[in-house]
Amino acid sequence: MKKNLFFYVFAVLCTMPFFTSCSDDDDPVETVSAADSVIGDYQGNLSIALVTDGVSVPTGDAISQTISVAKAGDNAVDLQITDFTFMEMPIGNIALENCQLTSAGDNTYNFTATSNLAVAGMLEADIDATGTFENGKLNLDLNIDNVSLLGNPVSYTVEVTYEGTKAAN
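Structure representation (structure tokens):
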């Protein structure tokens, strides 16, 4: 009887490898870079306010605006606001280059950027930007300060808020 028991235990142990299965863990996982997941055109609205002495004054209704996002690296993007206008004055394009994306969870990336704005010797300003890409949406805040008109400093800063949705390709 002990021989039979030993034989059965031995047989079970020898057949165990046939009952195990291979998992799919070894299949290559296709990853998409942060930049690839957010590039494209975003359609939304800009709200502009003048801030002086801590008081924010809106400059009018929200303006429809498209922001283009292009890949600058695996975890970096360039943002382009084309034909930006302020109080019916054409300013031109605003470029935010090499914005480094940092992950803030599933499909959420934060970034900051700085830039300078110069319009043919008439207007100069510094731009500080913070933004978030989240599930096909772009939220962007621009703080435009150190503004000078015709070489003369002005006593206000400009705050721009943008909310947009990624356009279907």
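Using mature numbering (1 follows the signal peptide of the UniProt record, and there is no 0), the letters of the sequence shown map in sequence onto residues -23 to -1, 1 to 146.
Positions of the beta carbon are idealized from the N, C-alpha and C atoms, including for glycine.
Per the Cβ contact rule, the stretch 45 to 64 is in contact with the stretch 9 to 28 (3 or more Cβ pairs under 8 Å).
Ala144 sits close to Asp18, with the two beta carbons spaced by under 8 Å.
Assignment of Ser10 by DSSP, reduced to helix, strand and coil, places it in the coil class.
Taking every protein chain shown into account, the CB of Leu56 has 16 or more other CB atoms within 10 angstroms, so this residue is buried. Per DSSP, Thr36 lies in no beta strand (DSSP E) segment and is marked neither H nor E. For Thr138, the closest of Val96, Ala39, Leu127 and Ala81 by C-alpha to C-alpha distance is Ala39. For Val131, there is no enclosing beta strand (DSSP E), as DSSP marks it with neither H nor E. A Cβ-Cβ contact shorter than 8 Å links Asp51 with Ala11.
Residue environment: Leu117 is assigned as buried (16 or more neighbouring CB atoms within 10 Å of its CB, all protein chains considered). For Ile16, the closest alpha carbon among the candidates Val28, Leu115 and Ala72 is that of Leu115.
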